[in-house]
Amino acid sequence: MATVQHPFLNECVEARAYQFSALNYCLSASTLMVMPTGFGKTAVEWMVMANCLNKENGKVLLIAPTTGLVDQQQRMARAMINIDENEIITYTGENAPAKRPELWNSGRIIIATPQVIRNDVQNGLIDLNELGLLIFDEAHHATGNHAYSQVGKLMQKDNPDCLVIGATASPGSTESAILQVANNLNIRTFSISKKESSLLQAYRVNMQITPHYLELEDGLKEIILPLEVHHRAEAEQLIKMGFLAPTGHLTSKMIEEAQRRASIAIQRRDTRGYNAARKISNLRRVHILLDLLRTQGLKSAQAFVDRAEEDGRSGQRGTNSFIALPSIHHFRNVSKQLEELHPKPAHVAKLLSRQLKDFPDSKVLIFTEYRDTVELLTEKLNSIEGVVADRFIGQSGTGSRKGMNQKQQLAQLQRFREGDINVLIATSVGEEGLDVPAADLVILYEPVPSAIRTIQRRGRTARQRDGEVHILITKDTRDVFVYRASKRREEKMYTLLDRIKTRGRMIFKEPPKDVLSDFSVIDGDGVNISAVEFLAAEKIRLEKLFPLIETVIPEIDKEKEDDTTSDAGGEPIISPAMRRPSNQMGLESFIGNGESEPKTGDDEDEKLSEDKQLKSKWNVVLDGSQQLIEKDDAAHGIIQVDHREASTTFVAHMRSLQCNIQLTHLYHGDVRISDRVLIERKSSRDIISSLVDGRLLSQCRRLLAAAPRPLLLVETGTGNGHAVHPNAVLGALAHITLDLGVPVMMTQDAKESAHFISIVAKREFDLLEKLATYSLNKKSTADLQKEEIDNCISAANKEILSIINQQEESGPLAKRWNKLVSRQRVEVLA
0 MATVQHPFLN ECVEARAYQF SALNYCLSAS TLMVMPTGFG KTAVEWMVMA
50 NCLNKENGKV LLIAPTTGLV DQQQRMARAM INIDENEIIT YTGENAPAKR
100 PELWNSGRII IATPQVIRND VQNGLIDLNE LGLLIFDEAH HATGNHAYSQ
150 VGKLMQKDNP DCLVIGATAS PGSTESAILQ VANNLNIRTF SISKKESSLL
200 QAYRVNMQIT PHYLELEDGL KEIILPLEVH HRAEAEQLIK MGFLAPTGHL
250 TSKMIEEAQR RASIAIQRRD TRGYNAARKI SNLRRVHILL DLLRTQGLKS
300 AQAFVDRAEE DGRSGQRGTN SFIALPSIHH FRNVSKQLEE LHPKPAHVAK
350 LLSRQLKDFP DSKVLIFTEY RDTVELLTEK LNSIEGVVAD RFIGQSGTGS
400 RKGMNQKQQL AQLQRFREGD INVLIATSVG EEGLDVPAAD LVILYEPVPS
450 AIRTIQRRGR TARQRDGEVH ILITKDTRDV FVYRASKRRE EKMYTLLDRI
500 KTRGRMIFKE PPKDVLSDFS VIDGDGVNIS AVEFLAAEKI RLEKLFPLIE
550 TVIPEIDKEK EDDTTSDAGG EPIISPAMRR PSNQMGLESF IGNGESEPKT
600 GDDEDEKLSE DKQLKSKWNV VLDGSQQLIE KDDAAHGIIQ VDHREASTTF
650 VAHMRSLQCN IQLTHLYHGD VRISDRVLIE RKSSRDIISS LVDGRLLSQC
700 RRLLAAAPRP LLLVETGTGN GHAVHPNAVL GALAHITLDL GVPVMMTQDA
750 KESAHFISIV AKREFDLLEK LATYSLNKKS TADLQKEEID NCISAANKEI
800 LSIINQQEES GPLAKRWNKL VSRQRVEVLA
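In numbering that gives the first Met the number 0, the protein residues as written are 0 to 829.
Listed below in structure tokens is the structure:
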């Protein structure tokens, strides 16, 4: 076996040509490395680390999404990197905040979770300027408000020249998602490795993927039928009331949209909104219950209803009316006496028994979406001879449902790795990056709509040897359409990467030849050759052994999500655009400026980009919060933010807008811009809770006393399910605004609040700068008085001399002299 040679690598890293090819890109510029699971992205990361350690600014930070991955990365790095193992440290929430700066200073390779890095950078505990390399493992998370995105933006602000590597097997299923990852991480180029490539064929292991289509039992269909009847009846009532879109197949997104419409109706004091909100709440729960019965099983559905009853007893509003529904009452009475009727648990047991019979030492991973299913399968599978099954779930927990903390997760992975348990039943927390070489069988209890999650789940097997993946799909249910959608999105992924490359959306320059100069290879005969020579020789050898077979995938005309799948079973939803003839326009075509001139067709490029330009103009008018504030327009003064906001996305948004944030303890308010301006930031849920417990008005009075220009900033989009009548809230806001004199500003979310405060701060700092400049340039009153007296004396001397010399000169004194002479003459004559 050929091995890689480098001063900071141990002699146990296998030399592979495709990894050197990826390394070539990674060392030349900040790179998004896309490589299939099981082919050794981590080995490329080790080589990039070794190259960085060889430089003067050689501090390395690797970020992983879970503590399990952090522990795994540390363990492998200590085995492969040739430095003191005490200099390869983990940096997670398990480390006390007071000790983390010392850890940061002592480590050369730091492996951390993103939330801890974000919080410590914002609190000023660590400095990203010290880094020479930043690696994002499972980089596809860097979208939206995820901590990966926030760390990436902080890095662009504090250390924009640092080399950044993003590693993933699944960058995204849309072009915009892939480019968003690249922009958030400051990526400059892509390295794309495909399974079809001749360089990868020699290392490819066989992964057999088998979908299993299962038929629901007649007894379970009889239980489902009354719930379906109630479901349809509630939906029809909401359609008649105008809150639900008329359609034959209901999806979760449609229910969310109906909830939004009901909330708007309540805000407008429409009494129908309250009745609709109650119906929608029950409809949502029935919808979830039906989904559980169709795709998970009877016991998972029973657990969901029992939990809803417990919530009702604890005082949670809305669940009691759901439990009181006749169809739910009937379901509970019927299901109590029945065993599990769904075919999936029995089929899992069948697959598992067959695997362990043929290969007794096998390890099996089972993925499911729901913890109730995890508990059901753990109990059922442990009754099979030779099976030692246990769960692997996330940290969150409510009531009696406890999660697994970080230490428990790491201990469970170690037990599975060492063979103490041979079946691990996991939720989504186990999908990513887990290196379990002996996972010979992966069972997906249900398909997932995300191509990223499908690839990650499937990648837990066939990493170093052949493996099998079995996907359980219930016929005529949501499972079927989710499975089809995930396949389409996965097929589209590499096509999108090729499209980005051909359209020039990212740089795809060939890297320079000398970046691999520090690496060499000892081949199987013990001959030491350079990495460049090894890569060239392997390309020739493997291209002869594995001629490249191009897979032609049709070009995708429109980049859109496959949202036409129904999660309630049945046929896909047909959108209005699909029903119209190809040349017929819809109402959305007329949004924009009605006075625009008709197109002549001469300028073809302008015609093709018309819709994009129109959309851009429309967004500028309607949603200014989405437009980025340029760096030159950012506020240059210090904005003081209360330290309690440090872990929120608000601070991250403020930093991304180039605002100079100082975290401190504020006695009143959350944001102080100057001595004049003090802002209290609240979500709509905070407004309700502070109104109920009586804190709201007293807080506003203290705010008014603490600053001449106070402001109450309310984020309306961060809470729902209000238990207070809107009139009470509006009355309180009216009192705050009109009686107390505290202005109230409404924003949608933390991002819009950050944009608003940035603009307020810029305005305030500009005003203060103008006042300071004016005060410096303005002359004192004494100086002005002295100057005025000197001018008067000078003018008086000039006029006196002109009078004595009998010159014709007019002035104040001359006029007074003439008037005095005339008056004396009048007196003499009188």
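Beta carbons are placed, not taken as given, at the ideal position from N, Cα and C, and that holds for glycine.
Practice problem: May I have a chain-ordered list of the alpha helix (DSSP H) segments no shorter than 4 residues that lie completely inside the segment 463-533? | Solution: 477-501
Quiz item: What do you reckon, are the CB atoms on V481 and P448 nearer than 7 Å?
Solution: Judged by their CB atoms, V481 and P448 are nearer to each other than the 7 Å cut-off.
Exercise. Note down, in chain order, each residue of its chain lying with its Cβ closer than 8 Å to the Cβ of A705, except the 5 sequence neighbours on either side.
Key: Y666, H667, G668 and L677
Practice problem: Please report how far the alpha carbon of Y212 lies from the alpha carbon of R312, in whole angstroms. | Solution: 39 Å
Self-check item: Buried or exposed (CB count within 10 angstroms, at least 16 for buried), S20
Solution: buried
Self-check item: Cut-off 7 Å between Cβ atoms - residues of its own chain near N23, not counting five sequence neighbours on either side
Solution: Shown here for N23: same chain residues with a beta carbon closer than 7 Å to its own, the five before and five after excluded, namely P510, V514 and L515 in chain order.
Quiz item: I109 by DSSP, collapsed to three states: which one?
Solution: Here I109 sits in strand by DSSP.
Exercise. Output the distance between the C-alpha atoms of D360 and L351, rounded to the nearest integer angstrom.
Key: 12 Å
Self-check item: Counted within 10 angstroms of its Cβ, other Cβ atoms place R15 as buried (16 or more) or exposed
Solution: Around the beta carbon of R15, 16 or more other beta carbons lie within 10 angstroms, which makes this residue buried.
Quiz item: From this set, S427, E490, Y17 and V12, which residue's C-alpha is nearest K538's C-alpha?
Solution: Y17
Quiz item: Do the CB positions of E84 and R74 come within less than 7 Å of each other?
Solution: No, the pair does not count as a contact, with Cβ atoms beyond the cut-off.
Exercise. Taking all protein chains shown into account, decide if F358 is buried (16 or more other Cβ within 10 angstroms of its Cβ) or exposed.
Key: exposed
Practice problem: May I ask which residues mark the beginning and end of the beta strand (DSSP E) holding N830? | Solution: Shown here, the chain extends from 0 to 829; a query on residue 830 therefore has no answer.
Quiz prompt | Whole-number beta carbon distance between A645 and Q121, since they are thought to touch under 8 Å | solution = Right, the Cβ-Cβ distance comes to about 5 Å (below 8 Å), so this counts as a contact.
Self-check item: In DSSP terms, what F391 is bridged to
Solution: A425
Quiz item: Would DSSP call L340 helix, strand or coil?
Solution: coil
Quiz prompt | Environment of K362 [buried if 16+ CB atoms lie within 10 Å] | solution = buried
Self-check item: Segments of 3+ residues assigned as beta strand (DSSP E) that fall wholly inside the segment 138-178
Solution: 162-167
Exercise. Taking Q295 as part of the beta strand (DSSP E), name the residues at either end of that continuous run.
Key: Segment: none, Q295 is in no beta strand (DSSP E) and carries neither H nor E.
Practice problem: Using beta-carbon positions only, say whether L297 and S334 come within less than 7 Å of one another. | Solution: Taking a C-beta distance under 7 Å as the contact criterion, L297 and S334 qualify as a contact pair.
Quiz prompt | Three-state secondary structure (DSSP) of M0 | solution = In the structure shown, the three-state DSSP call for M0 is coil.
Quiz item: Among the residues of its own chain, which have a CB less than 7 Å from the CB of L732, if the five just before and after it don't count?
Solution: V743
Quiz item: Could you check where the beta strand (DSSP E) with S190 kicks off and where it finishes?
Solution: T188 to I191
Quiz item: Run through DSSP, which three-state label would S682 get?
Solution: strand
Quiz prompt | Reference Q72; option with closest CA among N53, P100, G57 and V43 | solution = V43
Quiz item: Taking one C-beta from the segment 362-375 and one from the segment 338-352 each time, how about it: are there three or more such pairs within less than 8 Å?
Solution: In short, these stretches touch, since the Cβ pair count reaches three.
Quiz prompt | Contacts around S280, its chain only, beta-carbon distance under 6 Å, and the 5 residues preceding and following it disregarded | solution = G317
Practice problem: Return the residue from the list A168, I88, R390 and Q747 that minimises the CA-CA distance to D70. | Solution: Comparing Cα-Cα distances from D70 to each of A168, I88, R390 and Q747, the minimum goes to I88.
Exercise. Mind checking which residues open and close the alpha helix (DSSP H) that includes R260?
Key: S251 to Q266
Quiz item: The alpha helix (DSSP H) with G131 in it runs from where to where?
Solution: First-last for G131: L130 to D136, but that is the beta strand (DSSP E), not the alpha helix (DSSP H).
Quiz prompt | Residue(s) in a DSSP beta bridge with K831 | solution = This structure does not reach residue 831, given that the chain is present from 0 up to 829, and the question cannot be answered.
Quiz item: Where do the ends of the beta strand (DSSP E) carrying H211 lie?
Solution: M206 to L213
Practice problem: Taking only the alpha-carbon atoms, compute the straight-line gap between N158 and R654 and give it to the nearest angstrom. | Solution: 13 Å
Quiz prompt | Helix, strand or coil at I799 [DSSP, three-state] | solution = helix
Quiz prompt | Counted within 10 angstroms of its Cβ, other Cβ atoms place G67 as buried (16 or more) or exposed | solution = Result: buried.
Quiz prompt | Delimiting residues of the beta strand (DSSP E) encompassing K362 | solution = If you look at K362, you'll find it in the beta strand (DSSP E) that goes K362 to F366.
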